[in-house]
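Visitor: With positions in the sequence shown counted from 1, the corresponding number in the numbering used here is that position plus 348.
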Amino acid sequence: MKTKVYIETFGCQMNVADTERAATGLRIAGYDLTSAAELADVVLFNTCSVRERAERKVFRRVNEVRARARKSKPIIGVMGCVAQLEGEAIFDNAAGVNMVVGTRATDRIASLIDRVRIGETQVSDLGERATGESWEVSPVERHSPHVAFVPIIEGCNKFCSFCIVPYSRGREKSRPASEIVAEVKRLRDLGYKEVHLIGQNVNSYRPRSEAGLEGIQGATAFCRLLRAVAETGMPRIKFTTSFPRDFHPDIVAALEEFPNLCDWVHLPVQSGSDEILKAMRRGHNTTDYLRRVDSIRSSRRRLALTSDIIVGFPGETDANFQDTVKLIEKCHFDALYIFKYSQRHGTPAAKLPDDVNEAQKKQRFLELEARHRQLQKGIHESYIGRQVSVLVEGESTRSARDMTGHSSCHKVINFHGGAANPGDLVNVLITEAKLNSLYGEYVN
Ligand code: SF4
Numbered sequence: 349m350k351t352k353v354y355i356e357t358f359g360c361q362m363n364v365a366d367t368e369r370a371a372t373g374l375r376i377a378g379y380d381l382t383s384a385a386e387l388a389d390v391v392l393f394n395t396c397s398v399r400e401r402a403e404r405k406v407f408r409r410v411n412e413v414r415a416r417a418r419k420s421k422p423i424i425g426v427m428g429c430v431a432q433l434e435g436e437a438i439f440d441n442a443a444g445v446n447m448v449v450g451t452r453a454t455d456r457i458a459s460l461i462d463r464v465r466i467g468e469t470q471v472s473d474l475g476e477r478a479t480g481e482s483w484e485v486s487p488v489e490r491h492s493p494h495v496a497f498v499p500i501i502e503g504c505n506k507f508c509s510f511c512i513v514p515y516s517r518g519r520e521k522s523r524p525a526s527e528i529v530a531e532v533k534r535l536r537d538l539g540y541k542e543v544h545l546i547g548q549n550v551n552s553y554r555p556r557s558e559a560g561l562e563g564i565q566g567a568t569a570f571c572r573l574l575r576a577v578a579e580t581g582m583p584r585i586k587f588t589t590s591f592p593r594d595f596h597p598d599i600v601a602a603l604e605e606f607p608n609l610c611d612w613v614h615l616p617v618q619s620g621s622d623e624i625l626k627a628m629r630r631g632h633n634t635t636d637y638l639r640r641v642d643s644i645r646s647s648r649r650r651l652a653l654t655s656d657i658i659v660g661f662p663g664e665t666d667a668n669f670q671d672t673v674k675l676i677e678k679c680h681f682d683a684l685y686i687f688k689y690s691q692r693h694g695t696p697a698a699k700l701p702d703d704v705n706e707a708q709k710k711q712r713f714l715e716l717e718a719r720h721r722q723l724q725k726g727i728h729e730s731y732i733g734r735q736v737s738v739l740v741e742g743e744s745t746r747s748a749r750d751m752t753g754h755s756s757c758h759k760v761i762n763f764h765g766g767a768a769n770p771g772d773l774v775n776v777l778i779t780e781a782k783l784n785s786l787y788g789e790y791v792n
């Protein structure tokens with residue numbers, strides 16, 4: 349019988365994409381994948397280190413699996429960002445872990461498992477990706493039969509003072525455009541309706557060679573890649589995350605040229621105070637950011653804009669926070685992901701005094717959220733009476749007679765089903781604005 353591997357994934361889309369690649373490689377190497385940890389001979393945790401809480405959760409899960417599997421004793425591995433950061437110290441901190449697999453060792457997991465199976469008790473690989481490594485993902489390992497994640501760049505060179513990613517994911521490395529375009533064409537031929545070009549900062553994309561971009565115009569390599577991917581005819585293309593400093597107005601021009609590039613830009617600002625942005629080492633100030641927002645808002649297409657904000661960064665005064673409130677009033681974000689600052693060991697900001705107390709952080713979080721909700725309500729209501737294109741994902745969890753999906757502007761749309769099936773691209777007439785979604789009627 350084949351050895352069964354279970355992979356549990358924490359964190360962002362990049363980790364989901366790494367799990368898909370790891371599963372593809374393991375199946376090629378002769379392993380079987382299972383969705384039940386208790387049936388597995390090998391249990392892998394693909395980890396996220398962005399917040400310390402997420403890291404602690406992984407170690408809790410390792411203990412749970414060990415406790416439940418006293419007799420069967422599966423091989424246990426920690427992969428991803430926590431593995432890269434903590435390295436072999438994990439063997440001391442989490443009894444029972446046999447494998448530590450860094451963020452660039454995804455393709456070597458099968459050989460690490462083989463080493464444990466023939467008797468080594470602790471193996472680790474924190475090395476770089478091998479040159480010419482395959483990014484191929486088998487369709488059976490993809491998280492959805494309709495939407496696929498396509499990594500275009502990994503790592504980050506920005507070193508924002510609060511963030512651990514440059515240390516866990518390493519420096520920026522762009523995939524050749526020829527590989528990306530070929531992958532999108534394959535996905536299109538397999539019937540996928542939507543791809544997400546993903547990376548910590550997609551618009552910092554800088555491939556080493558021209559391959560795949562020949563004859564394609566654009567102000568930056570990313571603008572050219574967007575056009576090259578759009579020319580494949582994939583029905584819908586989204587991209588995330590964009591870094592403000594590298595957001596060129598030609599990205600908006602590309603969105604206007606190609607209807608299959610979706611109506612959505614995620615552009616994290618993190619704070620509305622120039623003083624705090626400087627302490628965060630973001631490399632942009634509010635004037636730079638608002639200039640990018642203007643280019644997005646003045647597009648001929650109606651583009652949805654979403655963002656991330658951290659409240660309670662060290663040294664953030666009430667006045668700094670009020671600058672953030674004013675900024676969201678100017679930007680009218682379609683969605684806003686608000687986080688209370690928490691110190692991340694190993695980052696430059698962790699050396700600053702965490703001087704905004706928990707009660708203040710909570711109060712700022714709630715105030716910002718309430719103001720954003722008011723603004724968002726107006727945005728959602730403005731969709732009533734409009735038709736939006738929706739990729740159907742399945743039945744709504746709220747009502748069996750309704751279907752659910754995402755619009756091109758990346759909003760959750762629930763609608764009265766009609767003849768729609770998962771994977772269909774349909775038009776929906778919006779009739780109601782809800783708190784986190786829109787509701788409408790299927791339009792034949
Ligand atoms: S741009 Fe800043 S916040 Fe984003 S991954 Fe890089 S260091 Fe982290």
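We treat Cβ as the ideally placed atom computed from N, Cα and C, and that holds for glycine.
Since THR580 sits in a beta bridge, which residues does DSSP pair it with?
Guide: THR580 pairs with nothing; no bridge assigned.
Visitor: State the DSSP-derived secondary structure class of LEU777, mapped to helix, strand or coil.
Guide: In the structure shown, LEU777 sits in a strand (DSSP, three-state: E or B).
Visitor: Check whether the Cβ of PHE661 sits closer than 7 angstroms to any heavy atom of the ligand SF4, and report yes or no.
Guide: Checking every heavy atom of the ligand SF4 against the Cβ of PHE661, none is found closer than 7 angstroms.
Visitor: Output the boundary residues of the beta strand (DSSP E) element that contains VAL495.
Guide: Counting along the chain, the beta strand (DSSP E) containing VAL495 begins and ends at 495-499.
Visitor: May I have the straight-line CA-CA distance separating GLU468 from PRO499, to the nearest angstrom?
Guide: Between GLU468 and PRO499, the C-alpha separation is close to 33 angstroms.
Visitor: To the nearest angstrom, how far is the alpha carbon of GLU743 from that of HIS754?
Guide: Cα to Cα, the separation comes out at about 12 angstroms.
Visitor: Beta-carbon within less than 6 angstroms of ALA442's beta-carbon, same chain only, minus the 5 sequence neighbours each way: which residues are those?
Guide: Excluding positions up to five away in sequence, the list reads PHE407 and VAL410.
Visitor: How far does the beta strand (DSSP E) with VAL398 in it extend, from its first residue to its last?
Guide: Unbroken run through VAL398: none, as it is neither H nor E.
Visitor: Taking only heavy atoms of the ligand SF4 into account, decide whether any of them is closer than 7 angstroms to the Cβ of PHE587.
Guide: No, the beta carbon of PHE587 sits no closer than 7 angstroms to any heavy atom of the ligand SF4.
Visitor: Under the criterion of a Cβ to heavy atom distance below 7 angstroms, does VAL513 qualify as lining the ligand SF4?
Guide: Indeed, a heavy atom of the ligand SF4 lies less than 7 angstroms from the Cβ.
Visitor: Hey, is ASN551 close to the ligand SF4, as in C-beta under 7 angstroms from one of its heavy atoms?
Guide: No, Cβ of ASN551 sits at least 7 angstroms from all heavy atoms of the ligand SF4.
Visitor: Compare the beta carbon distance of GLY663 and ALA627 with 8 angstroms and say whether it is the shorter of the two.
Guide: Against a cut-off of 8 angstroms, the Cβ pair of ALA627 and GLY663 comes out as a contact.
Visitor: Tell me whether PHE794 counts as near the ligand SF4, meaning its Cβ is closer than 7 angstroms to at least one heavy atom of that ligand.
Guide: Past the boundaries of the shown model lies residue 794; the chain is included only from 349 to 792, so the question cannot be answered.
Visitor: Provide the residue span of the beta strand (DSSP E) that contains ILE512, from first to last.
Guide: It is not in any beta strand (DSSP E) - ILE512 carries neither H nor E in the DSSP assignment.
Visitor: Using DSSP with H/G/I as helix, E/B as strand and the rest coil, what is ASN411?
Guide: Correct three-state label for ASN411: helix.
Visitor: When you compare only the Cα positions, how much space is there between MET447 and ALA388?
Guide: MET447 and ALA388: Cα-Cα distance of roughly 15 angstroms.
Visitor: Going by DSSP, what residue range makes up the beta strand (DSSP E) through LEU684?
Guide: Per DSSP, LEU684 belongs to the beta strand (DSSP E) from 683-688.
Visitor: What do you reckon, is the C-beta of CYS429 under 7 angstroms from a heavy atom of the ligand SF4?
Guide: Every heavy atom of the ligand SF4 is 7 angstroms or more from the Cβ of CYS429, so no.
Visitor: Quick test of your reading: VAL529 and ALA478, contact by CB under 8 angstroms. State the CB separation rounded to the nearest angstrom.
Guide: About 22 angstroms; that fails the 8 angstroms criterion.
Visitor: Helix or strand or just coil, what does DSSP make of ALA377?
Guide: Coil at ALA377, not helix or strand.
Visitor: Comparing the CB of GLN548 with every heavy atom of the ligand SF4, is any distance shorter than 7 angstroms?
Guide: Yes, since a heavy atom of the ligand SF4 falls inside the 7 angstroms radius drawn around the Cβ of GLN548.
Visitor: Around the Cβ of GLY539, are there at least 16 other Cβ atoms within 10 angstroms (buried) or fewer (exposed)?
Guide: Label assigned to GLY539: exposed.
Visitor: Please state whether DSSP places ILE466 in a helix, a strand or coil.
Guide: Three-state DSSP puts ILE466 in coil, outside helix and strand.
Visitor: Over what stretch of residues does the alpha helix (DSSP H) that includes ALA718 continue unbroken?
Guide: Taken as a continuous stretch (DSSP letters only), the alpha helix (DSSP H) holding ALA718 covers 706-729.
Visitor: Taking C-beta to C-beta, are ARG490 and SER522 nearer than 8 angstroms?
Guide: No.
Visitor: So, are the CB atoms of ILE761 and VAL738 less than 8 angstroms apart?
Guide: Result yes, Cβ atoms of ILE761 and VAL738 sit closer than 8 angstroms.
Visitor: Quick one: grab the DSSP three-state call for MET349.
Guide: Note: MET349 maps to coil in three-state DSSP.
Visitor: Can you tell me the Cα-Cα spacing of SER655 and GLY378, whole angstroms?
Guide: Cα to Cα, SER655 sits roughly 42 angstroms from GLY378.
Visitor: Cutting at 7 angstroms between CB atoms, please list the residues of its own chain near THR357, excluding the five before and the five after it.
Guide: Closer than 7 angstroms at Cβ, skipping near neighbours: ASN363, VAL364, THR367 and ASN394.
Visitor: According to DSSP, which residues form a beta bridge with GLY788?
Guide: According to DSSP, GLY788 bridges with PHE763 and ILE778.
Visitor: Measuring CB to CB, does ARG794 end up less than 8 angstroms from ILE424?
Guide: In the structure as shown, the chain starts at 349 and stops at 792, and residue 794 therefore has no counterpart that could be examined.
Visitor: From this set, TYR731, ALA437, VAL774 and GLU412, which residue's C-alpha is nearest ARG584's C-alpha?
Guide: The residue with the shortest Cα to Cα distance from ARG584 is VAL774.
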